[in-house]
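Okay, so here's the structure we're looking at.
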Amino acid sequence: MTTARQQWHSRTAFIMAAVGSAVGLGNVWRFPYVAYSSGGGAFLIPYFVALFTAGIPMLILEMGLGQRMQKGAPLAFGAVRRPLQWFGWWAAGLSAAIVIYYSTILAWAWVYLWHSVGQSWGDKPEAFFFDTVLRRTSGPGEIGGLVPSLVLGIGLTWLTIYLILRKGVRSVSKVVMITVPLPMVLLTVLLIRGLTLPGAMDGIRYYLTPDFSKLTDLKIWLRAYGQIFFSLSLASGVMIGYGSYLGKKAEVTNSALITGLANCGTSFFAGFVVFSMLGYLAQVQGLPVPDVTTSGTGLAFVAFPTAISQLPALNAVFGVIFFVTLLTLGIDSAFALQEAFTTGFHDKWHVPPEKLARYFVIVAFPTSLLFVTGGGFYWFDIVDKWICDFGLVISGLVQCLAVGFLYPVRQFRDYLNDQSEVRLGSWWIWMLRYVTPGVLLVILVGNLLDEIDAGYAGYPRWATFIGGWGTVLFWAVLGYWLWKRPAKVERN
Amino acid sequence: MPISAWIMLAFGCLVLYGGLALCISIAIRKRDK
Numbered sequence: 039m040t041t042a043r044q045q046w047h048s049r050t051a052f053i054m055a056a057v058g059s060a061v062g063l064g065n066v067w068r069f070p071y072v073a074y075s076s077g078g079g080a081f082l083i084p085y086f087v088a089l090f091t092a093g094i095p096m097l098i099l100e101m102g103l104g105q106r107m108q109k110g111a112p113l114a115f116g117a118v119r120r121p122l123q124w125f126g127w128w129a130a131g132l133s134a135a136i137v138i139y140y141s142t143i144l145a146w147a148w149v150y151l152w153h154s155v156g157q158s159w160g161d162k163p164e165a166f167f168f169d170t171v172l173r174r175t176s177g178p179g180e181i182g183g184l185v186p187s188l189v190l191g192i193g194l195t196w197l198t199i200y201l202i203l204r205k206g207v208r209s210v211s212k213v214v215m216i217t218v219p220l221p222m223v224l225l226t227v228l229l230i231r232g233l234t235l236p237g238a239m240d241g242i243r244y245y246l247t248p249d250f251s252k253l254t255d256l257k258i259w260l261r262a263y264g265q266i267f268f269s270l271s272l273a274s275g276v277m278i279g280y281g282s283y284l285g286k287k288a289e290v291t292n293s294a295l296i297t298g299l300a301n302c303g304t305s306f307f308a309g310f311v312v313f314s315m316l317g318y319l320a321q322v323q324g325l326p327v328p329d330v331t332t333s334g335t336g337l338a339f340v341a342f343p344t345a346i347s348q349l350p351a352l353n354a355v356f357g358v359i360f361f362v363t364l365l366t367l368g369i370d371s372a373f374a375l376q377e378a379f380t381t382g383f384h385d386k387w388h389v390p391p392e393k394l395a396r397y398f399v400i401v402a403f404p405t406s407l408l409f410v411t412g413g414g415f416y417w418f419d420i421v422d423k424w425i426c427d428f429g430l431v432i433s434g435l436v437q438c439l440a441v442g443f444l445y446p447v448r449q450f451r452d453y454l455n456d457q458s459e460v461r462l463g464s465w466w467i468w469m470l471r472y473v474t475p476g477v478l479l480v481i482l483v484g485n486l487l488d489e490i491d492a493g494y495a496g497y498p499r500w501a502t503f504i505g506g507w508g509t510v511l512f513w514a515v516l517g518y519w520l521w522k523r524p525a526k527v528e529r530n
Numbered sequence: 009m010p011i012s013a014w015i016m017l018a019f020g021c022l023v024l025y026g027g028l029a030l031c032i033s034i035a036i037r038k039r040d041k
């Protein structure tokens, strides 16, 4: 039984895996709406500023730290300062929490893939989603029963994740060669279909027409930083884990640039797919485009199914294409998140990949069943909100400050420059020390004030306390316990 | 579509896809050396 650390098959495999992790459902269901509602084409300006001043510097930091330490987030941060191993476990724990609730979205997509053959949602897709598929109860206090079709969907998701991860990055290297290009091809098919529909250009006009007056609003800039931050799988240990499987002489900086640009390029491209379809939907329904424009689950499971039903021909084919796109976009983000957590166990206790994948799924599958109950949607919403708005923002902040001030960051930059195709200047250190933490701090304070002031989406405080703060604190406690466990020392 | 929308389209493509093409070409060039 070998416990040696695996490596990527090739640099291409690493970049594909990193792109696959970054490119997820948010690129399709969040970016287009955020761009449209934040100044249209003008949003590209703060978006690019955020990409080059926060997104790519943090990507370089995470990939570089993993590569230099040859360890996942817990032990990599532990090498920066011993107590930071606790933080590393907490950050990696957040990624475990994310994959547990993220698997629910993939369960919905499996169910919709099945229903898309006959467009079972009929002419009431919203009621179909909430009442038939989710069997949503009246609130988080009413859990209701398990929804069998979703249990099957989530089971299928965990089985897929297990099969992909059971041989560690060796199998991931092969899988990403399919799961990363496939959704790009499918998105292109959907774009061609969308652009050939009446009303498509109307939708795209709404997406791209710039409103430069919005650029004077600080909130738009913070939204751009938030979008970049969440879209690139930052602060959850994913990129540190993936970087740790690179060889000691591997290139990092240019790979991070390619990953960041490919991710944002996919978001920009997906905007054309979404808005061409929304433009068509608006035309068919005789409504203005803003009236049919939505994001998140409303876009994927209500607006898109409606548009698919209204297509003149091949509705089932395009339905299947759309939900396969969602599944392939989501699955590589899901296994990347799991890997970010389990790699710490390999580093510290030399647990082989197959065992890690099996044990994680054995624990995570039953836990994720909470989210496929009648009240699961509410808990999903609460946990997601707290992990993204508080957990990941705090994690990003600590990460930048830890590496920026507690680690010999200039030496680190020189180390990266020695083996990189693109050289980093002092600007990179400035971004890590001041710009990114500053922006994250403003976002965190804004989120906290919003929560204290108005709560979240009308949920009772007890629910947000248990599901939100409870989740974030649970991983802090578990992280502390994992940090304090003695590591296994290899005999050789 | 207004001309400003076309300009933003070109701007987005130039930064994202132009930047990506540049980075990939650097990677290929350095690999070949």
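Residue numbers (our numbering), protein chains in the order written: chain A, 39 to 530; chain B, 9 to 41. Virtual Cβ for every residue (Gly too), placed ideally from N, Cα, C.
| query | Hey, does F383(A) have any beta-carbon neighbour from chain B nearer than 9 Å? | reply | no
| field | Ranges of the alpha helix (DSSP H) found wholly within the segment 106–139 of chain A, counting only runs of at least 4 | value | 111–118
| field | Within chain B, partners of R243(A) - CB distance below 8 Å | value | M9, P10, A13
| task | Kindly indicate if chain B contains any beta-carbon less than 9 Å away from that of S293(A). | result | yes
| field | Strand pairing of T7(A), partner residues [DSSP] | value | Nothing can be reported for residue 7(A), as the shown portion of chain A is limited to 39 through 530.
| Distance between A308(A) and A18(B) (C-alpha atoms, nearest Å) | In this structure, the CA atom of A18(B) is about 16 Å from the CA atom of A308(A).
| query | Around the C-beta of M39(A), are 16 or more other C-beta atoms found within 10 angstroms, so that it is buried, or is it exposed? | reply | Bear in mind that the predicted position of M39(A) carries a pLDDT of just 48, short of 50, making it too unreliable to give a figure here.
| Under 9 Å between the Cβ atoms of A273(A) and W513(A)? | Result no, Cβ atoms of A273(A) and W513(A) do not sit closer than 9 Å.
| field | Beta carbon proximity, C302(A) to chain B, threshold 9 Å | value | yes
| message | Does any residue of chain B have a CB that is nearer than 9 Å to the CB of A51(A)? | response | No, A51(A) lies away from the interface with chain B (no Cβ there is under 9 Å from its Cβ).
| query | Whose Cβ in chain A lies nearer than 8 Å to the Cβ of C18(B)? | reply | First, the amino acid is wrong: residue 18(B) is Ala here, not Cys. Residues of chain A passing the Cβ test: none, with the nearest at roughly 10 Å.
| Between which two residues does the alpha helix (DSSP H) containing H384(A) stretch? | Per DSSP, H384(A) belongs to the alpha helix (DSSP H) from 353–387.
| query | I296(A) touches chain B at which residues, Cβ-Cβ below 8 Å? | reply | Contacts between I296(A) and chain B, judged by CB atoms closer than 8 Å, involve L28, C31, I32, A35 in chain order.
| So which residues on chain A does L24(B) lean against when the C-beta distance must stay under 8 Å? | Those are L299, C302, G303, F306, listed as they occur along chain A.
| said: With distance defined between alpha-carbon atoms, name the residue in S48(A), V57(A), V155(A) nearest to A351(A). | reply: V155(A) is the residue among S48(A), V57(A), V155(A) whose C-alpha sits nearest the C-alpha of A351(A).
| query | Which residues in the same chain have their Cβ closer than 7 Å to the Cβ of R174(A), if we skip the five residues on either side of it in sequence? | reply | In chain order, F168, G412, F415 place their CB closer than 7 Å to the CB of R174(A), counting only its own chain and leaving out the 5 sequence neighbours on each side.
| query | Cα separation between L299(A) and S305(A)? | reply | 10 Å
| Rounded distance between the beta-carbons of V210(A) and L203(A), thought under 8 Å | 7 Å
| field | Local conformation of K286(A) per DSSP, three classes | value | Coil, per DSSP.
| task | May I have the straight-line CA-CA distance separating Y200(A) from L375(A), to the nearest angstrom? | result | 13 Å
| said: Just to confirm my understanding: we take T509(A), look at its own chain, exclude 5 residues before and 5 after, and list those with CB closer than 7 Å. What are they? | reply: A135, V421, W424, I425
| request: Would you mind sorting G250(A) into buried or exposed? The rule is 16 or more other CB atoms within 10 Å of its CB. | output: According to the sequence displayed, residue 250(A) carries Phe and not Gly. Result: exposed.
| request: Evaluate contact between the segment 358–366 of chain A and the segment 142–154 of chain A, counting only Cβ atoms and requiring at least three cross-stretch pairs below 8 Å. | output: Judged by Cβ distances under 8 Å, the segment 358–366 of chain A makes contact with the segment 142–154 of chain A, as three or more pairs qualify.
| field | L319(A) (DSSP reduced to helix, strand or coil) | value | helix
| Among A440(A), F373(A), T344(A), which residue has its Cα nearest to the Cα of F360(A)? | For the residues A440(A), F373(A), T344(A), the minimum Cα distance to F360(A) belongs to T344(A).
| request: Go ahead and label S371(A) buried or exposed: buried means 16 or more other beta carbons lie within 10 angstroms of its beta carbon, across all protein chains shown. | output: buried
| task | Count the other C-beta atoms from every protein chain shown that fall within 10 angstroms of the C-beta of G183(A), then say buried if there are 16 or more, exposed otherwise. | result | Residue environment for G183(A): exposed (fewer than 16 other C-beta atoms within 10 angstroms of its C-beta).
| Alpha-carbon to alpha-carbon, K109(A) and T381(A) | Roughly 8 Å between the two C-alpha positions.
| query | Would you report the Cα separation of T474(A) and A130(A), rounded to the nearest angstrom? | reply | 20 Å
| If we call anything under 9 Å between Cβ atoms a contact, is I481(A) one with G264(A)? | In contact: I481(A) and G264(A) (Cβ atoms closer than 9 Å).
| task | Select from the segment 228–240 of chain A all residues with a C-beta closer than 8 Å to any C-beta belonging to chain B, and list them in chain order. | result | M239
| query | Listed in chain order, which residues of the segment 70–82 of chain A have Cβ atoms closer than 8 Å to some Cβ of chain B? | reply | Only those residues of the segment 70–82 of chain A whose C-beta falls short of 8 Å from the nearest C-beta of chain B are listed: G78, G79, A80, L82.
| Does the distance from the C-beta atom of A12(A) to that of K287(A) stay below 9 Å? | In the structure as shown, chain A starts at 39 and stops at 530, and residue 12(A) therefore has no counterpart that could be examined.
| Straight-line Cα distance separating R448(A) from G20(B) | 33 Å
| query | Do F125(A) and G517(A) come within 9 Å of each other at the CB atom, strictly closer than that value? | reply | yes
| So is F267(A) in contact with chain B if we call contact Cβ pairs under 9 Å? | no
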